[in-house]
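J.: Have a look at this one.
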Amino acid sequence: MFSKILIANRGEVAVRIIRACKDMGISTVAVYSEADEESIHVALADEAICVGKASPKDSYLNMENIISAALVTGAQAIHPGYGFLAENAGFARLCKKFGLVFIGPDAKVIEKMGDKDAARKLMVQAGVPVVPGSDLIENLQQARQEARRIGFPLLIKASAGGGGKGIRLVKDESQLEHAFLMAAEEAKNAFGNGSVYMEKYLAPVKHIEIQLLSDEKGNTVCLGERECSIQRNNQKLLEEAPSSGLSAELRERMMEAAGRAAKAAGYTNAGTIEFLLEKTGRFYFMEMNTRIQVEHPVTEWVTGIDLIKEQIRIADGRELSYTQEDVKLTGHAIECRINAENPYKGFRPCPGKITDMYLPGGKGIRIDSAIYSGYEVPPYYDNMLAKLIVFAKNRNEAITKMRSALGEVIIEGIDTNVDYQYEILNDPDYQNGDFDIEFIADKEEQLLNHRYAAEA
815 MFSKILIANR GEVAVRIIRA CKDMGISTVA VYSEADEESI HVALADEAIC VGKASPKDSY
875 LNMENIISAA LVTGAQAIHP GYGFLAENAG FARLCKKFGL VFIGPDAKVI EKMGDKDAAR
935 KLMVQAGVPV VPGSDLIENL QQARQEARRI GFPLLIKASA GGGGKGIRLV KDESQLEHAF
995 LMAAEEAKNA FGNGSVYMEK YLAPVKHIEI QLLSDEKGNT VCLGERECSI QRNNQKLLEE
1055 APSSGLSAEL RERMMEAAGR AAKAAGYTNA GTIEFLLEKT GRFYFMEMNT RIQVEHPVTE
1115 WVTGIDLIKE QIRIADGREL SYTQEDVKLT GHAIECRINA ENPYKGFRPC PGKITDMYLP
1175 GGKGIRIDSA IYSGYEVPPY YDNMLAKLIV FAKNRNEAIT KMRSALGEVI IEGIDTNVDY
1235 QYEILNDPDY QNGDFDIEFI ADKEEQLLNH RYAAEA
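Using the working numbering, you'd call the opening residue of the sequence shown number 815 and step up by one each time.
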């Protein structure tokens, strides 16, 4: 087993990985930017090295400095967490070049699955259903031809990257030119690759993802699904496991398809296959995330499996210690992302100093965070402050527990979306499980007006 791991990330995910390493008796190295010198992950790690200025490109995306930090400290492996370099094939190759283990899949797999056009073609070959769509679009003329063939409404999507960037909904041909140019430009700026393709826009659909683990011996297990349909501008706000929209038979079919997808890709380590699910029970491959997910705690709670520890064991060459038959789903878990933003002022980001705080605890409540009273939330990075996760024996009890837990959250000095999350949980359609990926778009004015009505 590794004796020392460097964590190439920051915030709550860095803290999460450090804690897993401590449980396994593994020493840790934190890297940090000048803006994060007072961050908790720096204090918790056994060693810490500053790798650059506040800007991500100068620090958490600075591959040379991070590799140097690993070599100087004698780390044997690097865990990238999520975001930043987690799905960067070039970084995975650089790790290998310098004799460091990248805790994730092989660079070729990251490249293959990160190219959504190539991933679609691979899924077709593997017999995994994909959304009707196009190959890469070279120009506006081709975009018009493909759009007429696919039919409106449709999505223009970046071939590279993720996180909801480079995606545009096109309702009719009058919107096509502007959407095509904007999606390509955003993709180029975000990922350095302006390639886009088209998919038929399906509605209403749920966003369901299947968590899997694969070892280097070719063994794959699927750990059930996560319901991720509560999202705004393609960014998830609240996730849960299992999904109330899946029968046991449908769950088995989706897991079987996810397993086929992983084997077709030659996948190792932790990964997620994301599907769109229609009310008819038909589902379609959307993409694969070749990293640990933000929402992994809900899967950990309903399966009892620590995904970060499994990532480390797999990267160390260990074989999975359980089979698909060993995986049992128990209870229900919900995660709310607590962000530094003001939903009532256009979801404006709210960096600044946390003057006071209190986070809930108790049986069935988990907090993944790196904030503290006096912490200065920097403006340079993602605005997620914490993940509040609850577990109960069924969905109704989990919703009740989450509402109670949100009611205890105190974060003063900056604005957060805690009240907004509470309104989502109060919505009758959410409580009944009657929602899809348009939930926020359809109800946003209603969710916001509840706050104004209460203040009046």
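Glycine residues also receive a C-beta, built at the ideal position from the N, C-alpha and C atoms.
(1) Taking only the alpha-carbon atoms, compute the straight-line gap between Arg-958 and Thr-1230 and give it to the nearest angstrom.
(2) Determine the DSSP secondary structure at Asn-1231, reduced to helix, strand or coil.
(3) Does the region 936-949 come within contact of the region 909-922, defined as at least 3 CB pairs closer than 8 Å?
(4) Which same chain residues, not among the five before or five after Asp-1256, have their C-beta less than 6 Å away from its C-beta?
(5) Among Tyr-1236, Val-829, Ser-817, Arg-824, which one has its Cα closest to the Cα of Asp-1182?
(6) Please report the straight-line C-alpha distance between His-897 and Val-1108, rounded to a whole angstrom.
(7) Would you mind reading off the limits of the beta strand (DSSP E) that contains Arg-1067?
(8) Given that a residue counts as buried once 16 or more other Cβ atoms are within 10 Å of its Cβ, and exposed if not, what is Val-938?
(9) Would the beta-carbon of Glu-1226 fall within 8 Å of that of Asp-1170?
(10) Pair every Cβ in the region 1185-1201 with every Cβ in the region 861-881, then say whether three or more of these pairs are closer than 8 Å.
(11) Return the CA-CA distance between Pro-1165 and Phe-1099, expressed in angstroms with no decimal places.
(12) Please state the DSSP three-state secondary structure of Ala-974.
(13) Within its chain, find whatever has a CB closer than 7 Å to the CB of Asn-1153; leave out the 5 residues flanking it on each side and keep chain order.
(14) Tell whether a beta-carbon distance below 8 Å holds between Gly-1095 and Val-1116.
(15) In this structure, does DSSP put Ile-831 in helix, strand or coil?
(16) Would you say Arg-824 and Ser-853 are within 8 Å of each other, going by their C-beta atoms?
(17) In the DSSP output, what is Ala-1203 paired with across the bridge?
(18) Which ranges would you report for the alpha helix (DSSP H) in the region 911-941 if only whole runs of at least 4 residues count?
(19) Of all the options Ile-1251, Lys-935, Ile-1179, Glu-1252, which has the alpha carbon lying nearest to the alpha carbon of Lys-1207?
(20) Find the nearest neighbour of Cys-1042 within the set Gly-1032, Cys-1036, Ser-1057, Asn-1033, judged by alpha-carbon distance.
(21) How big is the Cα-Cα spacing for Val-1223 and Lys-935?
(22) Evaluate the contact criterion for the region 1016-1036 versus the region 1120-1134: three or more CB pairs, one atom per stretch, below 8 Å.
(23) For the region 962-982 and the region 997-1014, state whether three or more C-beta atom pairs, one from each stretch, are separated by less than 8 Å.
(24) Candidates Arg-1105, Ala-883, Thr-1214, Ala-1219: which alpha carbon is nearest Arg-1272's?
(25) Please report the Cβ distance between Glu-1023 and Glu-1039, rounded to the nearest whole angstrom; I am assuming they are in contact, meaning their Cβ atoms lie under 8 Å.
(26) Bridge partners of Ala-1084, per DSSP?
(27) What separation, rounded to the nearest whole angstrom, lies between the Cα atoms of Asp-837 and Ile-831?
(28) How many Å lie between Glu-1269 and Gly-1176 at the Cα?
(29) Pick from Lys-985, Ala-859, Ile-1126, Glu-952: whose alpha carbon is nearest that of Gly-965?
(30) For the 8 Å Cβ check, are there 3 or more pairs between the region 987-994 and the region 1080-1095?
(31) Can you tell which of Asn-1263, Leu-1239, Ser-1187 has its C-alpha closest to the C-alpha of Leu-1051?
(32) Out of curiosity, what's the CA-to-CA distance linking Tyr-1266 and Ile-1203?
(33) Starting from the Cα of Glu-878, find the closest Cα among Gln-1025, Phe-912, Ala-859 and give me that residue.
(34) Between which two residues does the beta strand (DSSP E) carrying Glu-999 extend?
(35) One question on the structure: do Ala-822 and Ile-863 come within less than 8 Å of each other, judged by their Cβ atoms?
(36) Got a sec? Which residues, its chain only, sit under 8 Å from Ile-981 by beta carbon, not counting five neighbours each side?
T.: According to the data block:
(1) The count along the sequence shown starts at 1 and reaches residue 958 at position 144. The count along the sequence shown starts at 1 and reaches residue 1230 at position 416. Approximately 42 Å, taken between the alpha carbons.
(2) Position 417 of the sequence shown holds residue 1231. Correct three-state label for Asn-1231: coil.
(3) no
(4) Along the sequence shown, one-based indexing puts residue 1256 at 442. Cβ neighbours of Asp-1256 beyond the five flanking positions: none.
(5) The sequence position of residue 1182 within the sequence shown is 368, counting from 1. Taking only the C-alpha atoms, the option nearest Asp-1182 is Val-829.
(6) Along the sequence shown, one-based indexing puts residue 897 at 83. Along the sequence shown, one-based indexing puts residue 1108 at 294. Reading off the sequence shown, one finds Gly at residue 897, where the question assumed His. Spanning the two alpha carbons is a distance of roughly 9 Å.
(7) Here the question's residue 1067 lines up with position 253 in the sequence shown. Where Arg-1067 is concerned, there is no enclosing beta strand (DSSP E), although the alpha helix (DSSP H) it sits in stretches over 1062-1079.
(8) Against the sequence shown, residue 938 aligns to sequence position 124. By the 10 Å Cβ count, Val-938 comes out exposed.
(9) By one-based count along the sequence shown, residue 1226 stands at place 412. By one-based count along the sequence shown, residue 1170 stands at place 356. Yes; because the gap between Cβ atoms is below 8 Å, this pair is in contact.
(10) yes
(11) Here residue 1165 corresponds to residue number 351 of the sequence shown, with the count starting at 1. Here residue 1099 corresponds to residue number 285 of the sequence shown, with the count starting at 1. Rounded to whole angstroms, Pro-1165 to Phe-1099 spans 36 Å at the Cα level.
(12) Translated into the one-based positions of the sequence shown, residue 974 becomes position 160. Coil at Ala-974, not helix or strand.
(13) Mapped onto the sequence shown, residue 1153 falls at position 339. Excluding sequence neighbours, Asn-1153 sits near Asn-1197, Met-1198, Leu-1199, Thr-1230, Asn-1231.
(14) Numbered from 1 along the sequence shown, position 281 holds the residue referred to as residue 1095. Numbered from 1 along the sequence shown, position 302 holds the residue referred to as residue 1116. No, they are not a contact pair.
(15) Reading the sequence shown from its first residue, position 17 is the one you call residue 831. Note: Ile-831 maps to helix in three-state DSSP.
(16) Locating residue 824 in the sequence shown gives position 10, where the first residue counts as 1. Locating residue 853 in the sequence shown gives position 39, where the first residue counts as 1. For Arg-824 and Ser-853, yes; Cβs fall inside 8 Å.
(17) Position 389 of the sequence shown, counting from 1, holds the residue named residue 1203. According to the sequence as given, residue 1203 is Ile; it is not Ala. Answer is Glu-1149, Arg-1180.
(18) 921-928, 930-940
(19) As a first step, residue 1207 must be located in the sequence shown, where it is residue number 393. Considering only alpha carbons, the answer is Ile-1179.
(20) Locating residue 1042 in the sequence shown gives position 228, where the first residue counts as 1. Checking every option, the nearest Cα to that of Cys-1042 belongs to Ser-1057.
(21) What you label residue 1223 is simply residue 409 of the sequence shown in a count that begins at 1. What you label residue 935 is simply residue 121 of the sequence shown in a count that begins at 1. Val-1223 and Lys-935: Cα-Cα distance of roughly 46 Å.
(22) yes
(23) yes
(24) Nothing can be reported for residue 1272: it is not among the residues displayed for the chain, which extend from 815 to 1270.
(25) Indexing the sequence shown from 1 puts residue 1023 at position 209. Indexing the sequence shown from 1 puts residue 1039 at position 225. Right, their Cβ atoms sit about 7 Å apart.
(26) The residue you call residue 1084 lines up with position 270 of the sequence shown. Leu-1027, per the DSSP bridge assignment.
(27) The residue labelled residue 837 in the question sits at position 23 within the sequence shown. The residue labelled residue 831 in the question sits at position 17 within the sequence shown. Whole-angstrom Cα-Cα distance: 10 Å.
(28) For the purposes of this step, residue 1269 is taken as residue 455 along the sequence shown, with counting starting at 1. For the purposes of this step, residue 1176 is taken as residue 362 along the sequence shown, with counting starting at 1. Bear in mind that the predicted position of Glu-1269 carries a pLDDT of just 48, short of 50, making it too unreliable to give a figure here.
(29) Against the sequence shown, residue 965 aligns to sequence position 151. The residue with the shortest Cα to Cα distance from Gly-965 is Lys-985.
(30) no
(31) Taking the first residue of the sequence shown as 1, we reach residue 1051 at position 237. Of the candidates Asn-1263, Leu-1239, Ser-1187, the one whose C-alpha sits nearest the C-alpha of Leu-1051 is Leu-1239.
(32) As a working mapping, residue 1266 is identified with position 452 in the sequence shown. As a working mapping, residue 1203 is identified with position 389 in the sequence shown. Confidence at Tyr-1266 is low in this model, with a pLDDT of 46, below 50, so its placement is unreliable and no value can be given for it.
(33) Here residue 878 corresponds to residue number 64 of the sequence shown, with the count starting at 1. Minimum Cα distance to Glu-878 is reached at Phe-912.
(34) Mapped onto the sequence shown, residue 999 falls at position 185. No beta strand (DSSP E) holds Glu-999; the alpha helix (DSSP H) holding it covers 990-1005.
(35) Position 8 of the sequence shown holds residue 822. Position 49 of the sequence shown holds residue 863. Not closer than 8 Å, so no.
(36) Position 167 of the sequence shown, counting from 1, holds the residue named residue 981. Around Ile-981: Leu-969, Ile-970, Lys-971, Ala-972, Ala-997, Asn-1048.
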